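Structure first, then comments.
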Amino acid sequence: MKTSLYSFLFLFFGNYLYAQVSDFKHIDFTRADNIAKLNNGASLENLPLLAHELTSSLPTEVEKFRAIYVWVCQNIKGDNTQFSKVNKKRKKLKHDSISFMRWNHEYKKIAFKKLLKRKKTMCTGYAYLIKELCYLSNITSESVDGYGRSVESNIKALDMANHSWNAVLLNNKWYLCDATWSSGYLNEYNVFVRAYNDGYFLADPLLFGKNHFPIKQKWLLNENITAVSFVNAPLVYGETFENHITPIYPKNMDLSINRDEEVTFSFKSNKNVLDKNIALIYYIGIEEKTLKIHNKQNADNIISFKHAFKNKGIYDTHLKINGDIVATYTIKVTKS
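In the working numbering, the protein residues as written are 3 to 338.
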(Lines of atoms letter the chains of each structure in order from A; the text may use other names.)
(Lines give C-alpha, C1' and ligand atoms only; values in the text may rest on other atoms or scores of the structure.)
Protein backbone atom coordinates (compact mmCIF):
# COMPACT_ATOMS: atom_id res chain seq x y z
CA MET A 3 0.00 0.00 0.00
CA LYS A 4 2.80 2.45 0.87
CA THR A 5 4.56 1.70 -2.41
CA SER A 6 1.48 2.33 -4.53
CA LEU A 7 0.73 5.57 -2.64
CA TYR A 8 4.29 6.79 -3.19
CA SER A 9 4.03 6.01 -6.89
CA PHE A 10 0.75 7.90 -7.08
CA LEU A 11 2.24 10.94 -5.38
CA PHE A 12 5.25 10.89 -7.69
CA LEU A 13 3.07 10.83 -10.79
CA PHE A 14 0.68 13.37 -9.32
CA PHE A 15 3.29 15.96 -8.47
CA GLY A 16 5.16 15.34 -11.69
CA ASN A 17 2.05 16.29 -13.65
CA TYR A 18 1.29 19.50 -11.74
CA LEU A 19 4.55 21.24 -11.03
CA TYR A 20 3.53 24.82 -11.63
CA ALA A 21 0.05 25.23 -10.11
CA GLN A 22 -0.56 28.84 -9.02
CA VAL A 23 -3.20 31.53 -8.65
CA SER A 24 -3.09 32.37 -12.38
CA ASP A 25 -4.99 29.09 -12.92
CA PHE A 26 -8.00 30.93 -11.49
CA LYS A 27 -7.74 34.24 -13.34
CA HIS A 28 -11.31 33.70 -14.55
CA ILE A 29 -12.57 33.68 -10.93
CA ASP A 30 -13.72 36.91 -9.26
CA PHE A 31 -12.83 36.62 -5.56
CA THR A 32 -14.84 39.72 -4.56
CA ARG A 33 -17.72 37.71 -3.12
CA ALA A 34 -15.41 35.45 -1.11
CA ASP A 35 -13.48 38.45 0.19
CA ASN A 36 -16.72 40.19 1.19
CA ILE A 37 -17.95 37.12 3.08
CA ALA A 38 -14.64 37.02 4.96
CA LYS A 39 -15.12 40.71 5.80
CA LEU A 40 -18.73 40.22 6.91
CA ASN A 41 -17.54 37.58 9.38
CA ASN A 42 -14.77 39.75 10.75
CA GLY A 43 -14.40 39.20 14.49
CA ALA A 44 -16.24 35.87 14.50
CA SER A 45 -15.41 33.51 17.36
CA LEU A 46 -13.19 30.46 17.11
CA GLU A 47 -15.18 28.62 19.78
CA ASN A 48 -17.36 26.91 17.16
CA LEU A 49 -15.17 26.11 14.15
CA PRO A 50 -17.87 24.10 12.28
CA LEU A 51 -20.17 27.12 12.43
CA LEU A 52 -17.41 29.47 11.26
CA ALA A 53 -16.53 27.16 8.36
CA HIS A 54 -20.21 27.05 7.35
CA GLU A 55 -20.60 30.82 7.50
CA LEU A 56 -17.50 31.34 5.38
CA THR A 57 -18.13 28.77 2.67
CA SER A 58 -21.75 27.58 2.42
CA SER A 59 -22.92 30.20 -0.09
CA LEU A 60 -19.89 30.02 -2.37
CA PRO A 61 -20.12 27.88 -5.54
CA THR A 62 -16.54 26.75 -6.14
CA GLU A 63 -13.83 25.06 -4.09
CA VAL A 64 -11.30 27.81 -4.72
CA GLU A 65 -13.74 30.54 -3.59
CA LYS A 66 -14.45 28.60 -0.40
CA PHE A 67 -10.73 28.32 0.27
CA ARG A 68 -10.26 32.00 -0.53
CA ALA A 69 -12.84 33.01 2.10
CA ILE A 70 -11.16 30.78 4.71
CA TYR A 71 -7.68 32.06 3.86
CA VAL A 72 -8.58 35.75 3.86
CA TRP A 73 -10.56 35.44 7.09
CA VAL A 74 -7.66 33.75 8.89
CA CYS A 75 -5.14 36.30 7.60
CA GLN A 76 -7.31 39.24 8.63
CA ASN A 77 -8.50 37.95 12.01
CA ILE A 78 -5.50 36.17 13.52
CA LYS A 79 -2.57 38.18 14.89
CA GLY A 80 1.05 37.13 14.90
CA ASP A 81 2.37 36.52 18.43
CA ASN A 82 5.96 37.64 18.89
CA THR A 83 6.04 36.29 22.46
CA GLN A 84 5.40 32.76 21.24
CA PHE A 85 7.81 33.17 18.34
CA SER A 86 10.59 34.41 20.65
CA LYS A 87 10.04 31.57 23.11
CA VAL A 88 10.22 28.92 20.41
CA ASN A 89 13.20 30.60 18.76
CA LYS A 90 15.15 30.69 22.04
CA LYS A 91 14.40 27.03 22.67
CA ARG A 92 15.38 26.17 19.10
CA LYS A 93 18.76 27.89 19.57
CA LYS A 94 19.31 26.25 22.96
CA LEU A 95 18.61 22.77 21.56
CA LYS A 96 20.11 23.27 18.11
CA HIS A 97 22.34 20.24 18.64
CA ASP A 98 19.53 18.11 20.04
CA SER A 99 16.70 18.13 17.52
CA ILE A 100 14.88 15.22 19.19
CA SER A 101 14.59 17.11 22.47
CA PHE A 102 13.41 20.22 20.63
CA MET A 103 10.75 18.27 18.72
CA ARG A 104 9.54 16.72 21.98
CA TRP A 105 9.35 20.15 23.66
CA ASN A 106 7.72 21.72 20.62
CA HIS A 107 5.06 19.01 20.49
CA GLU A 108 4.00 19.84 24.05
CA TYR A 109 4.22 23.60 23.53
CA LYS A 110 1.89 23.38 20.53
CA LYS A 111 -0.93 22.39 22.89
CA ILE A 112 -0.44 25.65 24.81
CA ALA A 113 -0.14 27.63 21.58
CA PHE A 114 -3.36 26.21 20.13
CA LYS A 115 -5.29 27.04 23.31
CA LYS A 116 -4.03 30.64 23.06
CA LEU A 117 -5.01 30.74 19.40
CA LEU A 118 -8.60 29.67 20.12
CA LYS A 119 -8.95 31.99 23.12
CA ARG A 120 -7.09 35.13 22.00
CA LYS A 121 -6.71 34.75 18.22
CA LYS A 122 -2.93 35.12 18.54
CA THR A 123 -0.46 32.57 17.28
CA MET A 124 2.69 31.81 15.29
CA CYS A 125 3.09 30.00 11.99
CA THR A 126 2.04 26.54 13.21
CA GLY A 127 -1.20 28.03 14.52
CA TYR A 128 -2.01 29.72 11.21
CA ALA A 129 -1.35 26.48 9.31
CA TYR A 130 -3.37 24.45 11.83
CA LEU A 131 -6.40 26.75 11.60
CA ILE A 132 -6.34 26.81 7.79
CA LYS A 133 -6.21 23.01 7.74
CA GLU A 134 -9.06 22.59 10.28
CA LEU A 135 -11.41 25.04 8.53
CA CYS A 136 -10.66 23.35 5.21
CA TYR A 137 -11.42 19.93 6.70
CA LEU A 138 -14.77 21.19 7.99
CA SER A 139 -15.50 22.56 4.49
CA ASN A 140 -14.58 19.31 2.67
CA ILE A 141 -11.42 20.83 1.22
CA THR A 142 -8.17 18.87 1.37
CA SER A 143 -5.35 20.86 2.98
CA GLU A 144 -2.10 19.89 4.66
CA SER A 145 0.13 21.69 7.13
CA VAL A 146 3.69 21.81 5.80
CA ASP A 147 6.71 22.16 8.10
CA GLY A 148 10.04 23.40 6.83
CA TYR A 149 12.46 26.29 6.56
CA GLY A 150 11.63 29.93 5.94
CA ARG A 151 14.22 32.45 4.75
CA SER A 152 13.89 36.15 5.50
CA VAL A 153 16.11 39.10 6.39
CA GLU A 154 15.76 38.09 10.04
CA SER A 155 16.41 34.38 9.44
CA ASN A 156 18.68 34.14 6.42
CA ILE A 157 19.47 30.50 7.08
CA LYS A 158 22.47 29.01 5.33
CA ALA A 159 21.96 25.40 6.41
CA LEU A 160 18.91 23.17 6.89
CA ASP A 161 19.60 22.38 10.55
CA MET A 162 16.23 22.77 12.26
CA ALA A 163 12.83 23.65 10.79
CA ASN A 164 11.58 27.14 11.67
CA HIS A 165 8.36 27.71 9.72
CA SER A 166 5.01 26.21 8.70
CA TRP A 167 2.59 26.89 5.84
CA ASN A 168 -0.15 25.09 3.87
CA ALA A 169 -0.69 23.04 0.75
CA VAL A 170 -4.26 22.86 -0.56
CA LEU A 171 -5.82 20.56 -3.16
CA LEU A 172 -8.06 22.44 -5.60
CA ASN A 173 -9.43 20.95 -8.81
CA ASN A 174 -7.08 17.98 -8.33
CA LYS A 175 -3.97 20.17 -8.18
CA TRP A 176 -1.86 21.08 -5.17
CA TYR A 177 -1.21 24.75 -4.41
CA LEU A 178 0.98 26.50 -1.82
CA CYS A 179 0.18 29.43 0.46
CA ASP A 180 1.51 31.06 3.62
CA ALA A 181 -1.13 32.66 5.84
CA THR A 182 1.47 33.77 8.40
CA TRP A 183 3.36 35.97 5.98
CA SER A 184 0.12 37.06 4.28
CA SER A 185 -1.32 38.35 7.55
CA GLY A 186 1.22 41.06 8.37
CA TYR A 187 4.64 41.65 9.88
CA LEU A 188 6.50 42.63 13.03
CA ASN A 189 7.69 46.24 13.04
CA GLU A 190 10.96 47.54 14.49
CA TYR A 191 9.40 47.42 17.97
CA ASN A 192 8.37 43.75 17.52
CA VAL A 193 4.72 44.77 17.43
CA PHE A 194 2.53 42.90 14.96
CA VAL A 195 1.18 45.09 12.14
CA ARG A 196 -1.77 43.68 10.24
CA ALA A 197 -1.11 44.17 6.51
CA TYR A 198 -2.62 41.61 4.14
CA ASN A 199 -0.27 40.42 1.37
CA ASP A 200 -2.15 38.60 -1.38
CA GLY A 201 1.07 37.42 -3.02
CA TYR A 202 1.36 34.39 -0.72
CA PHE A 203 -2.08 33.10 -1.81
CA LEU A 204 -1.63 30.16 -4.23
CA ALA A 205 1.87 31.41 -4.99
CA ASP A 206 4.09 30.53 -7.93
CA PRO A 207 5.98 27.41 -6.70
CA LEU A 208 9.27 28.69 -8.13
CA LEU A 209 8.97 32.00 -6.27
CA PHE A 210 7.64 30.26 -3.14
CA GLY A 211 10.75 28.05 -3.19
CA LYS A 212 12.99 31.12 -2.87
CA ASN A 213 12.08 31.44 0.80
CA HIS A 214 10.23 28.20 1.67
CA PHE A 215 11.77 24.73 1.75
CA PRO A 216 9.69 21.85 3.15
CA ILE A 217 11.01 18.93 5.19
CA LYS A 218 8.94 16.63 2.97
CA GLN A 219 10.20 17.58 -0.44
CA LYS A 220 7.06 16.38 -2.21
CA TRP A 221 5.65 19.80 -1.25
CA LEU A 222 8.16 21.74 -3.37
CA LEU A 223 5.87 21.46 -6.43
CA ASN A 224 8.78 22.53 -8.64
CA GLU A 225 11.50 20.11 -9.70
CA ASN A 226 14.07 22.91 -10.16
CA ILE A 227 14.27 23.68 -6.41
CA THR A 228 16.86 21.87 -4.30
CA ALA A 229 18.23 22.32 -0.79
CA VAL A 230 21.38 23.87 -2.29
CA SER A 231 19.51 26.29 -4.54
CA PHE A 232 17.26 27.28 -1.61
CA VAL A 233 20.01 28.28 0.84
CA ASN A 234 22.01 30.01 -1.90
CA ALA A 235 19.10 31.91 -3.49
CA PRO A 236 18.88 35.70 -3.40
CA LEU A 237 16.81 37.17 -0.60
CA VAL A 238 13.24 37.98 -1.59
CA TYR A 239 10.65 39.99 0.30
CA GLY A 240 6.94 40.41 0.86
CA GLU A 241 7.01 43.05 -1.89
CA THR A 242 8.39 40.40 -4.27
CA PHE A 243 5.20 38.41 -3.77
CA GLU A 244 2.95 41.48 -3.90
CA ASN A 245 4.43 42.40 -7.29
CA HIS A 246 4.40 38.75 -8.46
CA ILE A 247 8.06 39.00 -9.41
CA THR A 248 10.11 35.80 -9.64
CA PRO A 249 13.89 36.45 -9.75
CA ILE A 250 15.51 34.09 -12.25
CA TYR A 251 19.16 35.11 -12.54
CA PRO A 252 21.64 35.31 -10.87
CA LYS A 253 20.60 32.11 -9.14
CA ASN A 254 22.80 32.75 -6.08
CA MET A 255 22.75 35.61 -3.62
CA ASP A 256 26.55 35.74 -3.27
CA LEU A 257 28.62 36.36 -6.38
CA SER A 258 32.34 36.89 -6.91
CA ILE A 259 33.35 38.51 -10.19
CA ASN A 260 36.24 40.38 -11.82
CA ARG A 261 36.28 44.10 -12.40
CA ASP A 262 34.53 45.14 -15.66
CA GLU A 263 32.71 41.82 -15.78
CA GLU A 264 29.09 42.00 -16.88
CA VAL A 265 26.38 40.38 -14.79
CA THR A 266 23.04 39.43 -16.30
CA PHE A 267 19.94 39.96 -14.16
CA SER A 268 16.55 38.53 -15.08
CA PHE A 269 13.13 38.09 -13.54
CA LYS A 270 9.70 36.82 -14.50
CA SER A 271 6.61 39.00 -14.30
CA ASN A 272 3.10 38.10 -15.43
CA LYS A 273 2.27 41.80 -15.53
CA ASN A 274 3.78 44.44 -17.79
CA VAL A 275 6.66 46.31 -16.11
CA LEU A 276 7.69 49.61 -17.66
CA ASP A 277 11.41 50.16 -18.28
CA LYS A 278 11.33 53.26 -16.06
CA ASN A 279 10.17 51.08 -13.15
CA ILE A 280 13.14 48.70 -13.33
CA ALA A 281 16.25 49.66 -11.39
CA LEU A 282 19.40 48.15 -9.93
CA ILE A 283 20.55 49.95 -6.80
CA TYR A 284 22.97 49.85 -3.88
CA TYR A 285 23.48 52.00 -0.80
CA ILE A 286 26.33 54.09 0.56
CA GLY A 287 25.19 54.65 4.12
CA ILE A 288 21.55 55.64 3.71
CA GLU A 289 22.08 57.19 0.27
CA GLU A 290 20.64 55.19 -2.60
CA LYS A 291 22.82 54.85 -5.70
CA THR A 292 21.58 53.65 -9.07
CA LEU A 293 23.65 51.29 -11.22
CA LYS A 294 23.50 51.80 -14.96
CA ILE A 295 21.78 48.94 -16.78
CA HIS A 296 21.70 48.13 -20.46
CA ASN A 297 20.65 45.56 -23.05
CA LYS A 298 17.12 45.18 -21.66
CA GLN A 299 15.12 42.40 -23.23
CA ASN A 300 11.63 41.00 -22.70
CA ALA A 301 10.71 37.52 -23.95
CA ASP A 302 7.77 35.46 -22.73
CA ASN A 303 7.34 37.56 -19.57
CA ILE A 304 11.03 37.16 -18.64
CA ILE A 305 12.80 40.52 -18.47
CA SER A 306 16.60 40.66 -18.51
CA PHE A 307 19.32 43.31 -18.48
CA LYS A 308 23.04 43.66 -17.76
CA HIS A 309 25.40 45.75 -15.65
CA ALA A 310 29.20 45.89 -15.76
CA PHE A 311 30.83 46.40 -12.35
CA LYS A 312 33.82 48.64 -13.04
CA ASN A 313 35.16 49.23 -9.54
CA LYS A 314 36.45 46.90 -6.83
CA GLY A 315 34.39 46.44 -3.71
CA ILE A 316 31.47 44.60 -2.19
CA TYR A 317 28.09 45.69 -3.47
CA ASP A 318 24.84 44.90 -1.63
CA THR A 319 22.87 45.06 -4.84
CA HIS A 320 19.08 45.26 -4.95
CA LEU A 321 16.65 44.69 -7.78
CA LYS A 322 13.96 47.35 -7.54
CA ILE A 323 10.64 47.00 -9.37
CA ASN A 324 7.82 49.55 -9.24
CA GLY A 325 9.59 51.30 -6.36
CA ASP A 326 9.94 48.13 -4.25
CA ILE A 327 13.07 46.11 -3.52
CA VAL A 328 12.28 42.54 -4.64
CA ALA A 329 15.65 40.76 -4.56
CA THR A 330 19.05 41.25 -2.93
CA TYR A 331 22.50 40.07 -4.05
CA THR A 332 25.95 40.48 -2.52
CA ILE A 333 28.49 40.99 -5.30
CA LYS A 334 32.20 40.97 -4.58
CA VAL A 335 34.23 42.67 -7.34
CA THR A 336 37.96 41.95 -7.45
CA LYS A 337 40.80 42.88 -9.80
CA SER A 338 40.77 41.20 -13.16
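All C-beta atoms, glycine included, are put in the ideal place defined by N, C-alpha and C. Since this is a predicted model, take the numbers as computed values, not measurements.
Taken atom to atom, the span from the alpha-carbon of Asn-254 to that of Met-124 is near 29 Å. Here Gly-186 carries a strand assignment [DSSP, helix/strand/coil]. For Thr-330, the closest of Ile-250, Tyr-198, Thr-32 and Thr-83 by C-alpha to C-alpha distance is Ile-250. Checking the DSSP bridge columns, you'll see Trp-167 partnered with Val-146.
Only residues of its own chain outside the window of five on either side were considered, and among them Thr-292 and Lys-322 have a CB closer than 7 Å to the CB of Ala-281, listed in chain order. Per DSSP, Cys-136 has no beta-bridge partner at all.
Cys-136 has its alpha-carbon roughly 21 Å from the corresponding atom of Gly-148. If the five residues before and after Arg-196 are omitted, its C-beta is found closer than 6 Å to the C-beta atoms of Gly-186, all from its own chain and listed in chain order.
Straight-line spacing of the CA atoms in Leu-172 and Thr-242 works out to 24 Å.
Annotated as proximal: Thr-57 and Ala-69, with beta-carbon spacing under 8 Å. Here the C-alpha atom of Trp-183 lies approximately 28 Å from the C-alpha atom of Ser-59. Here Tyr-239 carries a coil assignment [DSSP, helix/strand/coil].
In this structure, the CA atom of Gln-22 is about 30 Å from the CA atom of Val-265. By the criterion of a C-beta distance shorter than 7 Å, Ala-53 is surrounded in its chain by Leu-135, Leu-138 and Ser-139, once the five residues flanking it on both sides are discounted. Comparing C-alpha distances from Gly-211 to each of Leu-223, Lys-273, Lys-175 and Asp-30 shows the shortest one belongs to Leu-223. Where Lys-39 is concerned, the enclosing alpha helix (DSSP H) starts and stops at 32-40. Cα atoms of Leu-257 and Lys-314: separation of roughly 13 Å, rounded to the nearest angstrom. Approximately 6 Å separates the beta-carbon atoms of Asn-245 and Val-328; this is inside 8 Å, confirming the contact. Sixteen is the threshold: when 16 or more other Cβ atoms of the shown chains lie within 10 Å of the Cβ of Ile-227, as they do, the residue is buried. A contact between stretches requires three or more CB pairs, one per stretch, nearer than 8 Å, and the segment 260-280 meets this requirement with the segment 295-314. Fully enclosed beta strand (DSSP E) runs of no fewer than 3 residues occupy 247-251, 256-260 and 263-271 of the segment 219-285, in order along the chain. Under the criterion of beta carbons closer than 8 Å, Thr-248 and Asp-277 do not qualify as touching, at roughly 19 Å.
When secondary structure is reduced to three states using DSSP, Phe-215 falls in the strand class. Sixteen is the threshold: when 16 or more other Cβ atoms of the shown chains lie within 10 Å of the Cβ of Lys-133, as they do, the residue is buried.
Bridge pairing for Lys-291: Tyr-284 [DSSP]. Tyr-128 and Lys-27 have their C-alpha atoms some 26 Å from each other. Following the DSSP letters along the chain, one finds Gln-299 inside the beta strand (DSSP E) bounded by residues 296-301. Under the three-state reduction of DSSP output, Asp-25 falls in the helix class.
Lys-116 sits in a helix when the DSSP states are folded into three classes.
About 5 Å separates the beta carbons of Lys-121 and Ile-78, which is inside the 8 Å limit, making them a contact pair.
For Thr-57, the enclosing alpha helix (DSSP H) stretches over residues 49-57.
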